[in-house]
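A quick write-up on the structure given underneath.
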Amino acid sequence: MTKVWIQKEEMNEHFLDKLNRSLKIDGHINAIYFMSKGTEGDYVEHNKVLLQNLLIAHNTYPLYLTFTYYDDYEMIQSTLNKLGITYTLSFLEEIQTYWTANQNINYHPPCFTIQIDHSNALILALEATFGIATQNEFYAISNSQNLSFPLETIYEFRRKKEHSIPHFKTEKDTIFITIAHDGLGYYLFSNLEKHSTLEHLCANLPKGTTLEEID
Numbered sequence: 000m001t002k003v004w005i006q007k008e009e010m011n012e013h014f015l016d017k018l019n020r021s022l023k024i025d026g027h028i029n030a031i032y033f034m035s036k037g038t039e040g041d042y043v044e045h046n047k048v049l050l051q052n053l054l055i056a057h058n059t060y061p062l063y064l065t066f067t068y069y070d071d072y073e074m075i076q077s078t079l080n081k082l083g084i085t086y087t088l089s090f091l092e093e094i095q096t097y098w099t100a101n102q103n104i105n106y107h108p109p110c111f112t113i114q115i116d117h118s119n120a121l122i123l124a125l126e127a128t129f130g131i132a133t134q135n136e137f138y139a140i141s142n143s144q145n146l147s148f149p150l151e152t153i154y155e156f157r158r159k160k161e162h163s164i165p166h167f168k169t170e171k172d173t174i175f176i177t178i179a180h181d182g183l184g185y186y187l188f189s190n191l192e193k194h195s196t197l198e199h200l201c202a203n204l205p206k207g208t209t210l211e212e213i214d
């Protein structure tokens with residue numbers, strides 16, 4: 000029996016602040032939900048399985064898994080290659096900097112996209128990559144290729160910076176998911192009728208799911 004905690008969110012300034020303003024939505028989104036298995040035990044694995052089961056029950060493909068990584072991306076690249084996972088690799092416009100060996104190293108963050116065509120591919124891709132989401136790198140799954148990363152000027156601690164901000168372009172059948180801080184759950188963004196209310200969402204959860212709490 001799977002117990003899940005669900006909270007309905009509203010697209011407002013408070014919600015965007017909670018996400019550290021880490022994404023933008025170009026268009027309208029009908030419903031947003033935070034879903035989690037909680038923080039006890041191996042919560043990362045539990046929340047990964049929760050996400051996996053939801054998407055398998057949703058049973059709509061292809062899906063597009065997109066994540067960013069650090070400068071030393073060869074390790075994750077090697078893992079994907081060994082598992083036979085096909086991906087595209089691009090590099091964001093923004094420049095990140097880190098200090099090593101008494102020098103600053105500048106790099107453009109790598110961005111991986113994996114097209115997922117069936118449930119077995121979904122399970123394999125999540126197993127290989129979900130740990131990246133717990134490192135608070137950008138990590139999202141969408142039912143369309145609706146994601147871009149335009150370079151924008153932002154202010155952090157009164158300092159101007161250039162960042163590649165994730166933009167999701169929405170349509171009437173859009174659904175996408177982002178991972179919460181430290182892998183503590185995920186946010187479901189949806190324009191689908193079956194997610195339009197909490198009641199509809201709960202009616203379409205995987206079999207065997209029980210609600211620990213609804214807010």
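Numbering (numbering that gives the first Met the number 0), first residue to last: 0 to 214.
Think of the CB as a built atom: it goes at the ideal place given N, C-alpha and C, for glycine as much as any other residue.
- Put simply, of Leu79, Ala30, Val43 and Asn119 the residue whose alpha carbon is nearest the alpha carbon of His180 is Val43.
- A straight line joining the alpha-carbon of Asn203 with that of Lys193 spans about 7 Å.
- Between Thr208 and Val3, the gap from beta carbon to beta carbon is short of 7 Å.
- Unbroken alpha helix (DSSP H) runs of no fewer than 4 residues, entirely contained in the segment 169–210, are found at 197–202, following chain order.
- The residues Trp4, in chain order, have a CB closer than 7 Å to that of Gly37 in the same chain once the five nearest residues on each side in sequence are set aside.
- A Cβ-Cβ distance of about 12 Å is found for the pair Thr99 and Asn105, leaving them out of contact under the 8 Å criterion.
- By the C-beta density criterion, Thr128 is buried, having at least 16 other C-beta atoms within 10 angstroms.
- Residue range Glu73 to Lys81 is occupied by the alpha helix (DSSP H) that includes Glu73.
- Shown here for Ile122: same chain residues with a beta carbon closer than 7 Å to its own, the five before and five after excluded, namely Gln51 in chain order.
- In chain order, Phe66, Thr67 and Tyr68 place their CB closer than 7 Å to the CB of Glu136, counting only its own chain and leaving out the 5 sequence neighbours on each side.
- DSSP places Ala56 within a helical segment (H, G or I) once states are collapsed to three.
- Apart from sequence neighbours up to five positions away, the residues of its chain that approach Glu92 with a beta-carbon distance below 6 Å are Leu150 and Ser163, ordered along the chain.
- Counting only the Cα atoms, Ser141 lies some 20 Å from Pro108.
- Taking the Cα of Asn190 as reference, the smallest distance to any Cα among Lys17, Glu8 and Ile28 is reached at Ile28.
- Met74 counts as exposed, since fewer than 16 other C-beta atoms from the protein chains shown sit within 10 angstroms of its C-beta.
- Within 10 angstroms of the beta-carbon of Asn103 lie fewer than 16 other beta-carbons, which makes it exposed.
- For Lys36, there is no enclosing beta strand (DSSP E), since its DSSP letter is neither H nor E.
- Taking C-beta atoms under 8 Å as the contact rule, Gly182 and Ala120 fail to qualify, at a distance of about 21 Å.
- Under the DSSP assignment, His162 falls in the beta strand (DSSP E) whose first and last residues are Arg158 to Ser163.
- Ranked by Cα distance from Ile94, the first of Lys160, Phe33, Glu8 and Lys17 is Lys160.
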